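All remarks here apply to the structure that follows.
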Amino acid sequence: MMRAKTLLSAFLVTATLSSCGVFSSEEEVPIEARSAQEIFDMAQADLDRGAEREAARTFSEVERLYPYSQWAKRALIMSAFSYYEATDFVEARSAAERFISFYPADPDAAYAQYLIAQSWYDQINDVGRDQGNTLEALQALRVLIERYPNSEYTREAELQFDLALDHLAGKEMEVGRYYLKRGQYIAAIGRFKAVVDEYQTTSHTPEALHRLVESYLALGLDDEAIKSASVLGHNFPGSDWYADSYRLLETDGALNASDEGGVLGRIYRQVILGEWL
732 MMRAKTLLSA
742 FLVTATLSSC
752 GVFSSEEEVP
762 IEARSAQEIF
772 DMAQADLDRG
782 AEREAARTFS
792 EVERLYPYSQ
802 WAKRALIMSA
812 FSYYEATDFV
822 EARSAAERFI
832 SFYPADPDAA
842 YAQYLIAQSW
852 YDQINDVGRD
862 QGNTLEALQA
872 LRVLIERYPN
882 SEYTREAELQ
892 FDLALDHLAG
902 KEMEVGRYYL
912 KRGQYIAAIG
922 RFKAVVDEYQ
932 TTSHTPEALH
942 RLVESYLALG
952 LDDEAIKSAS
962 VLGHNFPGSD
972 WYADSYRLLE
982 TDGALNASDE
992 GGVLGRIYRQ
1002 VILGEWL
């Protein structure tokens, strides 16, 4: 009788603990004993409830335990996504790079490259800080655009590439203005020329040309100033920067009568002053 009571008490305690969630049959099954689909579903459940980092680790278990299964391939790209969502960009890139290495021809390879690019793009700093992440983002975006030109991510990558390029040009302009204000004209010219030569498609090019005019005039290099203004007038004839450059050349006396009758003067009169005849 006492033994029966003891067994009954033990059963009640076990049932109570189980109902309270202290342990359950699910938790008693080690992950090594689960199927690939079961582990994948566990990871998906973690992701659905917002536990991205835990989900990523569980997806990785599929890859570890069932490396040659179709579930492993799915789990690997989901692991990369989960790490990215958790802002663990290093692990996200690592998983995405493994996916591309293992499955280069898979349709999801483009998405893996997209995650790599986004992991860098999301870390682009303001123009006052080091631009290493910007350069990495540009490289990853370029790979995405060139390797997967027809993917659904290419258009966004192209837009982000232009923005990242503009960001780098902005950094060059910031440093150039710093030198210009302090009278370090040679150093300033180097920065502004970099924008004109390397980032000519960005929004900073008109100002860079105008700052070159300022810098050359400060050094007494009138011919170089006029050349920069001519390029500015030819490519951006309606720009306020061109109007400023022309007035600066006039004020400095760099424009003589022949200059005013040339291309530079004609562009100014036609575009800025509206004198077409």
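According to the numbering used here, the residues represented by the sequence shown are 732 to 1008, in order.
Each residue gets a CB set at the ideal place from its N, CA and C atoms; glycine is no exception.
Predicted model only: the values in this text are computed from it and were never measured.
With a threshold of 6 angstroms on Cβ separation, who are the neighbours of residue i within its own chain once the five nearest residues in sequence on each side are excluded?
i	result
GLU903	ARG922, ALA925, VAL926
MET809	PHE790
ASP953	ALA985
TYR879	ALA841
Once the 5 residues before and after residue i are set aside, which same chain residues still bring their CB inside 7 angstroms of it?
i	result
ALA811	ALA823, ALA826, ALA827, PHE830, ALA843, LEU846
TYR797	ALA767, ALA803
LEU911	ALA919, ARG942, GLU945, SER946
LEU948	ALA956, LEU979, ASP983, ALA985
List the whole-angstrom C-beta distance separating residue i from residue j, where the pair is believed to meet the contact cut-off of C-beta under 8 angstroms.
i	j	result
TRP972	HIS941	4 angstroms
VAL793	ALA806	4 angstroms
TRP851	ALA840	Not quite, the Cβ-Cβ distance comes to about 18 angstroms (not below 8 angstroms), so this is no contact.
ALA919	GLY907	5 angstroms
ASP872	GLN854	The identity of residue 872 in the sequence shown is Leu, whereas the question assumes Asp. The Cβ separation is near 13 angstroms, so there is no contact.
GLU769	ASP777	The Cβ separation is near 13 angstroms, so there is no contact.
ALA848	ALA888	6 angstroms
ALA836	GLU783	About 28 angstroms separates the two Cβ atoms, so there is no contact after all.
What is the DSSP secondary structure of residue i, counted as helix, strand or coil?
i	result
ASP839	coil
ASN856	coil
ARG784	helix
SER850	helix
TYR947	helix
GLN862	coil
LEU986	coil
ASN966	helix
TYR879	coil
TYR834	coil
TYR884	coil
VAL874	helix
ARG765	coil
LEU896	helix
LEU952	coil
Enumerate in chain order the residues of its own chain whose CB-to-CB distance from residue i is below 8 angstroms, with the five nearest sequence positions on each side excluded.
i	result
PHE833	LYS804, LEU807
ASN856	GLN862, ASN864, THR865
LEU963	PRO937, LEU940, HIS941, VAL944, SER970, TRP972, TYR973, SER976
ASP893	THR932, THR933
HIS898	ILE855, VAL858, GLN862, THR865
Are the C-beta atoms of residue i and some chain D residue less than 7 angstroms apart?
i	result
ARG922	Here chain D cannot be found, since the structure has a single protein chain.
Quick check: is any heavy atom of the ligand ADP less than 6 angstroms from the C-beta of residue i?
i	result
PRO798	The ligand ADP is not among the ligands present in this structure, which contains no ligands whatsoever.
Entirely within the region 900-938 and at least 4 residues each: give me those alpha helix (DSSP H) ranges in chain order. 916-929
So within the region 777-831, which uninterrupted alpha helix (DSSP H) runs reach at least 4 residues, ignoring any that extend past its ends? 783-796, 801-816
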